[in-house]
Amino acid sequence: MGRTNLIFRAAGRLVLAAGMLLVAAGSAVAGWEAGTKLGFDSNVGRSIRGGKSDGYLLAYAGFSRGPSGESRGDWVFSAVAEGAAFASVTDLDSAAITISPGLVYFPRAGWTITVAPILQAKTVKDTDQSAVAFGGKLELRERLGEKAWLAEHYAYRDSRATSDIFSYKEHAVGALLGVNWTPAVSSEFGYEFSRGDSFLSVGTSTATSGGTGGSGGGMMAGMFSSAFGSDVVKERVDRHAIGATIGYEWTRSIFSVAGYTLTVLRGDVGSSISNAGFAGVGYRF
């Protein structure tokens with residue numbers, strides 16, 4: 009209960025900090041966005057034996073401030089509040105607030121370097137998974153001609169959940185290629201590799217066995233998760249994610265987007281594979 013109260017207090021501080029930054033952001037390079045997404049995940053429990061698929065409905069509202077472009081250095085900011093409801097595994101229903109202030113630098117025309125800390129408070133119906141997370145991201149983005157761009161990033165994340173099984177630390181690197189095919193149609197194709205902790209569902213017999221973690225880490229003793237109906241363990245894993253998104257601008261304010269991601273987690277107890285996708289609509293104002 010103590011850690012849960014800390015999560016809600018942290019969420020309140022994030023809301024206050026976000027509000028103060030919104031007041032300072034101004035309107036010239038800032039905007040609001042709201043939308044909804046309908047998605048699916050073929051393996052919501054990160055199971056190493058098949059896994060359970062589920063669908064979800066997500067709604068979000070966010071604010072962002074971009075660079076003005078009037079100087080070689082500027083500051084940026086984003087704040088997003090979102091909530092998700094699952095069709096079957098309702099213990100995964102959640103709400104989260106994420107804020108990310110940052111600094112951006114333009115080393116040359118068409119290039120940007122952005123450094124941004126990331127803070128998040130998330131509450132989950134399965135309270136074991138409620139968490140406060142912090143980290144940061146370094147991104148280099150280069151324009152390739154008039155219609156394409158390339159971006160590379162490094163990110164670090166430390167998530168402290170109510171239960172240690174669902175807590176994790178990870179380092180990630182990735183790259184994406186974006187293309188504006190027409191004034192209305194754009195797409196991005198990306199890959200990310202990360203190394204860190206992750207929970208894996210292992211059935212009902214492996215969780216209490218010891219062992220050494222993949223990638224040089226250690227595997228913790230497991231626990232039974234009522235949300236997944238299975239024992240889960242925390243292990244050091246390698247994660248590979250390949251994804252693509254496509255967006256369509258119906259008007260200056262209304263847009264739609266769809267995406268797909270294949271994720272593979274590899275650890276000593278086994279591998280977890282999931283296919284996830286979504287389709288959504290949004291409104292900018």
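So the number in this note's numbering is just where the residue sits in the sequence shown, counting from 1, plus 8. Note that beta-carbon positions come from the ideal geometry of N, C-alpha and C, so glycine has one too. What you are looking at is a predicted structure, and each value in this text was computed from that prediction instead of being measured.
{"Check": "Rounded separation between R57 and E196 - CA only", "Outcome": "31 Å"}
{"Check": "As assigned by DSSP and simplified to three states, the class of D172", "Outcome": "helix"}
{"Check": "Local Cβ density within 10 Å of R260, reported as buried at 16 or more and exposed below that", "Outcome": "exposed"}
{"Check": "Simplified DSSP assignment, three categories, for D246", "Outcome": "strand"}
{"Check": "Identity of the residue in G278, A183, S264 and T190 nearest F201 by Cα", "Outcome": "A183"}
{"Check": "DSSP beta-bridge partners of I121", "Outcome": "Y113 and L148"}
{"Check": "Inter-stretch contact at 8 Å, needing at least 3 Cβ pairs: the region 151–158 / the region 172–181", "Outcome": "no"}
{"Check": "G53 versus V181, A38 and K242, residue with shortest Cα-Cα distance", "Outcome": "K242"}
{"Check": "C-alpha gap between G118 and Q128, whole angstroms", "Outcome": "30 Å"}
{"Check": "Contact under 8 Å by Cβ, L270 with I250", "Outcome": "yes"}
{"Check": "Burial state of S279 (16 or more Cβ within 10 Å)", "Outcome": "exposed"}
{"Check": "G267 (DSSP reduced to helix, strand or coil)", "Outcome": "strand"}
{"Check": "T98 (DSSP reduced to helix, strand or coil)", "Outcome": "helix"}
{"Check": "Integer Cβ distance of T120 from R73, believed to fall under 8 Å", "Outcome": "In fact, because the Cβ distance is near 14 Å, the residues do not count as touching under 8 Å."}
{"Check": "Beta-carbon proximity check, A87 vs L66, cutoff 8 Å", "Outcome": "no"}
{"Check": "Buried or exposed (CB count within 10 angstroms, at least 16 for buried), P75", "Outcome": "buried"}
{"Check": "From E147, I126, S108 and W189, residue whose alpha carbon lies closest to that of T8", "Outcome": "The structure shown does not extend to residue 8, since the chain is modelled only from 9 through 293, so no value can be given for it."}
{"Check": "Straight-line gap, P125 to Y199 (C-alpha atoms, nearest Å)", "Outcome": "21 Å"}
{"Check": "Identity of the residue in T212, G77, R116 and T122 nearest S233 by Cα", "Outcome": "T212"}
{"Check": "Where D239 falls: helix, strand or coil (DSSP)", "Outcome": "strand"}
{"Check": "Beta-carbon separation (whole angstroms), D62 vs A95, contact threshold 8 Å", "Outcome": "6 Å"}
{"Check": "Neighbourhood of A284 by C-beta, 6 Å cutoff - its chain only, sequence neighbours within 5 removed", "Outcome": "D49 and T269"}
{"Check": "Contacting residues, own chain, Cβ-Cβ under 6 Å from D239 (five flanking each side not counted)", "Outcome": "V210, T212, A215, G230 and F232"}
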